[in-house]
Amino acid sequence: MSSRLSFDQWKSDVLTQVDQGFEQWLPSADRIPTTLHRAMHYAVKSPGKRIRSLIACASGDLFGANIEDTVHCAVAIELIHTYSLVHDDLPCMDNDELRRGKPTVHIAFDEATAMLVGDALQPLAFNILANQRTKLEHEVRLKQVRVLSESIGSIGMVGGQAIDLSQVGMSMTLSQLELMHAKKTGALFLASAELGALCGTGYTDSWEEPLRNYVRQIGFGFQVVDDILDSSSSTETLGKSAGKDIRDNKPTYVTLFGLDRAKEMASEIEENTRNTLCLLPRKGGYLGDIAELVFNRVY
Numbered sequence: 051m052s053s054r055l056s057f058d059q060w061k062s063d064v065l066t067q068v069d070q071g072f073e074q075w076l077p078s079a080d081r082i083p084t085t086l087h088r089a090m091h092y093a094v095k096s097p098g099k100r101i102r103s104l105i106a107c108a109s110g111d112l113f114g115a116n117i118e119d120t121v122h123c124a125v126a127i128e129l130i131h132t133y134s135l136v137h138d139d140l141p142c143m144d145n146d147e148l149r150r151g152k153p154t155v156h157i158a159f160d161e162a163t164a165m166l167v168g169d170a171l172q173p174l175a176f177n178i179l180a181n182q183r184t185k186l187e188h189e190v191r192l193k194q195v196r197v198l199s200e201s202i203g204s205i206g207m208v209g210g211q212a213i214d215l216s217q218v219g220m221s222m223t224l225s226q227l228e229l230m231h232a233k234k235t236g237a238l239f240l241a242s243a244e245l246g247a248l249c250g251t252g253y254t255d256s257w258e259e260p261l262r263n264y265v266r267q268i269g270f271g272f273q274v275v276d277d278i279l280d281s282s283s284s285t286e287t288l289g290k291s292a293g294k295d296i297r298d299n300k301p302t303y304v305t306l307f308g309l310d311r312a313k314e315m316a317s318e319i320e321e322n323t324r325n326t327l328c329l330l331p332r333k334g335g336y337l338g339d340i341a342e343l344v345f346n347r348v349y
């Protein structure tokens with residue numbers, strides 16, 4: 051996809067193709083078992099920010115990837131992200147009843163179905179990465195599977211959720227909070243960028259650390275902004291229960307530092323993110339626009 055497109059046009063094109071990817075890969079909603087498949091469609095197609103999809107496709111664009119290949123990665127990543135949200139929302143975890151402006155899956159269906167939705171979305175994501183429909187070399191696909199699997203396991207996303215659950219009602223230091231979110235949120239951000247970049251012939255080992263530095267900053271900033279919005283915005287705007295982390299006595303950047311300092315931190319992280327872009331090809335291309343999207347979002 052040409053980098054000459056405006057960011058808005060590029061973003062629209064990418065998200066349209068990701069939506070088409072959902073239709074291509076999800077089993078038909080009327081296929082047996084219909085309740086499970088309807089619930090999978092319900093979860094995946096709920097309107098979201100799709101930040102991880104954009105990061106994957108922007109990273110691919112930066113290193114000369116074919117858009118069809120990066121969209122496959124983006125769809126797989128969104129399935130993983132959705133599975134994590136469906137499970138996190140369960141009563142045994144975060145016990146949320148609203149997600150993306152709609153009842154959570156266990157409310158719209160039931161808890162058992164919600165568990166199965168997550169169980170089904172995860173292997174489907176790896177099926178996409180391994181599938182012959184992509185034009186990537188076997189070695190690249192194998193590395194993508196390894197990167198994604200490592201990012202979502204006990205040393206990554208799931209480990210971050212385990213830390214989160216263990217810290218309810220307890221105080222945390224800044225370094226502990228950063229570690230938790232580096233796993234729970236940041237690990238999948240990093241995987242998104244690397245999966246997209248691996249699709250491009252221009253991605254070499256020398257670009258790995260500059261790209262990771264950018265993603266670390268944007269993942270950090272995403273979470274700080276998330277905490278700010280949770281404490282200062284409305285449920286209607288967020289599409290999820292506002293203020294729930296504070297009510298549940300969970301450590302956040304706002305509870306640790308206060309709202310004003312958290313806002314200052316977000317501004318500092320945004321500046322640091324801008325600095326990392328200077329070390330990437332074309333000053334990061336669309337990754338710079340994604341940074342602006344992350345730091346200026348209202349939900």
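Once you know that position 93 of the sequence shown is 143 in my numbering, the rest is easy, because the numbers rise by one and skip nothing.
Glycine is no exception: its CB is placed at the ideal position from the N, C-alpha and C atoms.
Practice problem: Quickly, what does DSSP pair Lys152 with across the bridge? List them, please. | Solution: Partner(s): Arg149.
Exercise. Tell me whether Leu166 is buried or exposed, calling it buried when 16 or more other Cβ atoms sit within 10 Å of its Cβ.
Key: With 16 or more other Cβ atoms within 10 Å, it is buried.
Self-check item: Contained beta strand (DSSP E) runs [length at least 3] in the stretch 252-334, N- to C-terminal order
Solution: With a minimum length of 3 residues, no continuous beta strand (DSSP E) run stays inside the stretch 252-334.
Quiz item: Looking at the structure shown, is Glu189 part of a helix, part of a strand, or coil, going by DSSP?
Solution: In this structure, Glu189 counts as helix in the three-state DSSP scheme.
Self-check item: Segment limits, alpha helix (DSSP H) that includes Phe239
Solution: Per DSSP, Phe239 belongs to the alpha helix (DSSP H) from 237-248.
Quiz item: Do you know how far the Cα of Ser96 is from the Cα of Ser53?
Solution: Since pLDDT at Ser53 reaches only 48, below the 50 mark, its modelled position is unreliable, and no value is offered.
Self-check item: CB contact flag (Arg102, Leu238, <8 Å)
Solution: Yes. Within cutoff.
Practice problem: Have a look at Leu279 and His131 and give me their C-alpha separation to the nearest angstrom. | Solution: Whole-angstrom Cα-Cα distance: 20 Å.
Exercise. Tell me, to the nearest whole angstrom, how far the beta carbon of Tyr349 is from that of Thr287; I am working on the premise that it is less than 8 Å.
Key: Between Thr287 and Tyr349 the Cβ distance is about 5 Å, and since that is below 8 Å, they are a contact.
Quiz item: Helix, strand or coil for Leu179 per DSSP?
Solution: DSSP places Leu179 in the helix class (H, G or I) of the three-state scheme.
Quiz item: How about Leu9 and Gly334: are their beta carbons less than 8 Å apart?
Solution: The shown model of the chain, from 51 to 349, leaves out residue 9, and the question about it has no answer.
Quiz item: Do the stretch 332-347 and the stretch 53-72 meet, that is, are 3 or more Cβ pairs less than 8 Å apart?
Solution: They touch, by the three-pair rule.
Practice problem: Would you decide whether Val211 is buried or exposed? Buried here means 16 or more other CB atoms lie within 10 Å of its CB. | Solution: In the sequence under discussion, the amino acid at residue 211 is Gln, which differs from the Val named in the question. So Gln211 counts as buried.
Quiz item: With 16 as the cutoff for other CB atoms within 10 Å, does His188 come out buried or exposed?
Solution: For His188, the number of other beta carbons within 10 angstroms of its own is below 16, and it is reported as exposed.
Quiz prompt | C-beta contact flag for Val195 and Leu179 at 8 Å | solution = A contact, by the Cβ cut-off of 8 Å.
Quiz prompt | For Leu329 and Pro153, the rounded distance between their alpha carbons | solution = Distance between the alpha carbons of Pro153 and Leu329 is about 42 Å.
Exercise. May I ask which residues mark the beginning and end of the alpha helix (DSSP H) holding Leu215?
Key: In this chain, the alpha helix (DSSP H) harbouring Leu215 covers 207-216.
Quiz item: Within 10 angstroms of its Cβ, does Val155 collect 16 or more other Cβ (buried), or is it exposed?
Solution: It is buried - the Cβ of Val155 has at least 16 other Cβ atoms within 10 Å.
Exercise. Determine the burial state of Cys142: buried for a count of at least 16 other Cβ atoms within 10 Å of its Cβ, exposed for fewer.
Key: With fewer than 16 other Cβ atoms within 10 Å, it is exposed.
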